[in-house]
Structures are given as structure tokens and as C-alpha cells.
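Chemist: Numbering (full-length UniProt numbering), first residue to last: 1 to 269.
Cβ coordinates follow ideal geometry from the N, Cα and C atoms, glycine included.
1. Where does residue 110 sit, in a helix, a strand or coil, going by DSSP?
2. To the nearest angstrom, how far is the alpha carbon of residue 64 from that of residue 31?
3. Comparing C-alpha positions only, which one of 230, 213, 71, 39 sits nearest to residue 100?
4. Quick check: the Cα distance between residue 210 and residue 74, rounded to an integer number of angstroms?
5. How many Å lie between residue 26 and residue 16 at the Cα?
6. Based on DSSP bridge pairs, tell me the residues matched to residue 149.
7. Opposite residue 118 in the DSSP bridges: which residues?
8. In chain order, what residues of the same chain lie with their CB nearer than 7 Å to the CB of residue 14, ignoring the 5 residues before and after it?
9. Just the C-alpha distance for residue 269 and residue 120, rounded to the nearest angstrom, thanks.
10. Let's test the definition: count the other Cβ atoms within 10 Å of the Cβ of residue 28 and tell me whether it reaches 16, buried, or not, exposed.
11. Would you check if there are 3 or more beta carbon pairs closer than 8 Å linking the segment 80–87 to the segment 33–42?
12. Quick one: what's got a C-beta closer than 8 Å to residue 179's C-beta in the same chain, skipping five residues either side?
13. Specify whether the segment 112–128 and the segment 42–62 touch according to this definition: at least 3 beta carbon pairs, one from each stretch, less than 8 Å apart.
14. Considering only residues of the same chain and omitting the five flanking positions on each side of residue 258, which have a CB-CB separation below 6 Å?
15. Of the choices 176, 92, 88, whose alpha-carbon is the least far from that of residue 111?
16. Would you kindly check if the distance between the Cβ of residue 113 and the Cβ of residue 55 is under 8 Å?
17. Sorted by chain position, which residues of the same chain lie with C-beta nearer than 6 Å to residue 1's C-beta, five sequence neighbours on each side aside?
18. Can you tell me whether residue 220 is buried or exposed, with buried defined as 16 or more other CB within 10 angstroms of its CB?
19. Short of 7 Å in beta carbon distance, which residues of its chain neighbour residue 24, apart from the five on each side in sequence? Order them along the chain.
In C-alpha cells:
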């Protein structure tokens, strides 16, 4: 191997590769060897599978590409009689439909802020992994009495080390958004009983600038309007920092949320 071949990839090479990679769905395999993120201790997808096995009618809200629901259905001891998913981004609707249709799951196109297009009390289990904003009133409405909302949410200040590299210091009300205590209060105001709420802060590492670009293209709410061209100076500075100091370290925040609608199953009193 020549010295020329041993040279690490250039900024341009890494960015071009990342900018052309597909971003639909919640498959993060592209990051293998390029970025890492510790996983919450509760194992959300496996726990979801256990609950699917005890449910008759399930709704997955903001399913992304359907990967988490697909995994959980594959692990569930028993399939629910009815399984439905919603998604608002057209490329993800297509991907989720292709993935979940063979499992008998109907994917419904619905924007994240639209009312859920289902009847009152239609589901005994509503699940969601990383919803943008939980619609507590809608969740409570579509749950039958005794039904459960089981979700993993993004917490406050998640990956803000990276966000603030691009956007600068953020005000406290932005950093504190999605706080689990606030979400507990909102869920209770909608008439739900919160039975479990656990939070964790988890280490992330970005090993090259391509991983940063792909992450910001995929998780679009981190740096709204992100493009390589608009943020090239910050990208180049971070590239040089990673080259000189090693992986860029950030921290994600996650919380496990379980709430129940009061009442006896099957009762609509």
C-alpha cells in the first residue's frame, strides 16, 4: 500500500458520500464504523414486542420507515388482531408500506400534527418511538378504557453539543423542550395515568464529518434547514477538530413513557 493510499478520506470525499446517502426510514446501519450511540437500558423494541403479544388492536404513531414495528412484530409471542401505523413523510410512508404490508399492517398517511384518523376507543395499545410531539388529547381519545400508551421519547437538550456547534448557544426554553416532567403533566391533563417514566442520558460519538452530515440530513429537526452549502464553515471546522482530537462526543437523552387510560377494558362509560 502506498503512502497516497494510506491518506484518510478528504473533507470533500466524506461530505459528498454522506450527502448522497438515502435518508428515509429509521435504519441507521449506514453509521456502522462511523458513529456510535449507547442504547437505553430498557430495550424499547423488545419491550414493545411483549406488549404487542398481549394486545388486540395496536396503533404505531409516526412509524418512520416501519423498522421498529416490524422488528417488534417479528419478536411478539402473538400477533395483534389489528395493527395500524401512521406516518407523515411521503418517502417513509412508501418505505413503511412496503415493509409492513407483508405483516398485515395498514400504513395510513397522516401528518404529525393532524388529528389521528381513527374512531374513539379504537385501540388497546398505542406505541411510538421518538414522536416529534405527542398528541396527548388524540392518544387519549383513540385508546379504549384500560388501554396503554407505551413509547420512547427524545428528551431535553438531546445531542445539543452538536446542535450548538452549528447554531450557537440555545436559550433555556429550547434546551428544556421535551422535558419528561412537562410531558407527564400534559399526559395527565389529557386524562391519562402515568405509570412509568424513566430517563437516561447516553453517549454518542461521531468518528468522521460524513457521519455528522448524514445525521443532520436524517434527523432534520436538529439543525432546521441544514445543507452542506449553508453550514460549510462549521463542517470544515468540525472536520479539522475530529482529525486532530478524535471523535466528537455528544449525548442523547431518552425517556421511556407508559401511561394508561382509566377505566375497564371494553368499557366506554
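Modeler: So, from the listed chains and residues:
1. In the structure shown, residue 110 sits in coil (DSSP, three-state: anything other than H, G, I, E or B).
2. Each residue's Cα considered, the two are about 18 Å apart.
3. Closest by alpha carbon: 71.
4. Within the model, the alpha-carbon separation for residue 210 versus residue 74 is close to 32 Å.
5. Cα to Cα, residue 26 sits roughly 21 Å from residue 16.
6. Answer is 126, 259.
7. According to DSSP, residue 118 bridges with nothing at all.
8. If we look at residue 14 and ignore the five residues flanking it on each side, its Cβ neighbours are 208, 209, 210.
9. Reliability of the predicted coordinates at residue 269 is poor, the pLDDT of 44 falling under 50, and the value obtained from them is presented with this limitation in mind. Between the alpha carbons of residue 269 and residue 120 lies a distance of about 12 Å.
10. It is exposed - the Cβ of residue 28 has fewer than 16 other Cβ atoms within 10 Å.
11. Not touching, per the Cβ criterion.
12. For residue 179, where only same-chain residues beyond five positions count, the Cβ hits under 8 Å are 155, 156.
13. Output reads yes: the segment 42–62 touches the segment 112–128.
14. Close CB contacts of residue 258 within its chain, under the 6 Å cut and outside five residues either way in sequence, are with 150, 195, 196 (chain order).
15. Checked all of 176, 92, 88; the closest Cα to residue 111 is 88.
16. Not a contact, by the Cβ cut-off of 8 Å.
17. Because the pLDDT at residue 1 is just 46, under 50, the model does not fix this residue reliably, and the value given afterwards should be weighed accordingly. Take residue 1, set aside five residues on each side of it, and no residue of its chain has a beta-carbon closer than 6 Å to its own.
18. Under this definition residue 220 is an exposed residue.
19. 65, 91, 92, 95.
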